[in-house]
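Counted from 1, the sequence shown has number 59 at position 60 by numbering that gives the first Met the number 0; the numbering is strictly sequential.
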Amino acid sequence: MNKKNLSAIFVALFSFFLLTGFFGEEPTPEEARKELTDMRTATLNDLYQIAPSSKKAIQNSAGYAVFSNVGINLFLLSTANGAGVAHNNKTGKDIFMNMWSGGVGVGLGVKDFRGVFIFTTAEAYNTFVTEGWQAGAQADAAAKSGEKGEAIVGAIDVGPGTKLYQLTETGLAIQATIQGTKYWKDEELNK
Numbered sequence: 000m001n002k003k004n005l006s007a008i009f010v011a012l013f014s015f016f017l018l019t020g021f022f023g024e025e026p027t028p029e030e031a032r033k034e035l036t037d038m039r040t041a042t043l044n045d046l047y048q049i050a051p052s053s054k055k056a057i058q059n060s061a062g063y064a065v066f067s068n069v070g071i072n073l074f075l076l077s078t079a080n081g082a083g084v085a086h087n088n089k090t091g092k093d094i095f096m097n098m099w100s101g102g103v104g105v106g107l108g109v110k111d112f113r114g115v116f117i118f119t120t121a122e123a124y125n126t127f128v129t130e131g132w133q134a135g136a137q138a139d140a141a142a143k144s145g146e147k148g149e150a151i152v153g154a155i156d157v158g159p160g161t162k163l164y165q166l167t168e169t170g171l172a173i174q175a176t177i178q179g180t181k182y183w184k185d186e187e188l189n190k
């Protein structure tokens with residue numbers, strides 16, 4: 000790909016995100032909460048189809064959080080932002096949250112993925128929703144597929160009492176990249 004094509008792609012992506020970010024109509028808090036709970040339902044349904052054992056793990060957990068995120072790679076800079084909802088299985092309460100990440104990586108394009116955190120302890124869940132959470136490392140899992148061995152379908156440990164399923168358009172990711180990602184409560188949606 001030559002410089003002219005790369006420049007055109009960069010300008011198109013920049014223009015798209017500039018226009019949608021600045022001129023798009025903001026949903027009301029009620030609409031935003033509904034969008035997030037609908038996204039949660041759809042994401043969990045997709046996860047249960049891909050990894051059926053995840054349903055029992057979520058039901059038996061202290062809580063869970065589901066996020067949808069769009070990532071952008073422009074040459075050496077990669078960023079992603081999104082939102083989600085954390086659910087306390089003991090109280091039934093939902094907490095709406097935001098996420099943002101930044102990093103360095105070669106590439107050009109847009110990646111849409113969803114993440115489902117499972118908190119196996121109340122402490123892990125409470126820390127996540129009260130203090131936020133910042134991932135500082137990349138979690139990797141090796142996988143075997145087809146004739147080369149058994150497929151691994153499951154969550155990746157990303158911290159004490161915290162597991163992560165990361166879904167892409169093609170299914171369950173076998174490498175969960177959460178490097179440089181910060182999660183925090185959305186003050187407006189939790190009023």
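We put the CB at the ideal spot given by N, CA and C, even for glycine.
The Cβ atoms of Met96 and Lys190 do not sit closer than 8 Å to each other. Rounded to whole angstroms, the separation of the alpha carbons of Phe66 and Leu163 is 11 Å.
By the criterion of a C-beta distance shorter than 8 Å, Tyr47 is surrounded in its chain by Ser53, Lys54, once the five residues flanking it on both sides are discounted. Taking C-beta atoms under 8 Å as the contact rule, Phe118 and Thr161 qualify, at a distance of about 6 Å.
Here DSSP, grouped into helix, strand and coil, assigns Thr126 to helix. When secondary structure is reduced to three states using DSSP, Leu35 falls in the helix class.
The beta carbons of Gly62 and Asn80 sit no closer together than 8 Å.
Looking at Ala56, Glu24, Glu34, Thr180, the one whose alpha-carbon comes closest to that of Val84 is Glu34.
Counting the other CB atoms within 10 Å of its CB gives Ile49 a total below 16, which places it among the exposed residues. Between the alpha carbons of Pro28 and Leu188 lies a distance of about 6 Å. One Cα belongs to Thr120, the other to Ser60, and the distance between them is close to 7 Å. Contact between Leu166 and Thr42 holds, since their C-beta atoms are separated by about 7 Å, short of 8 Å. Bounds of the alpha helix (DSSP H) holding Lys55 are 52 to 58. Around the beta-carbon of Thr90, fewer than 16 other beta-carbon atoms lie within 10 Å, marking it exposed. In the three-state reduction of the DSSP assignment, Leu46 falls in the helix class.
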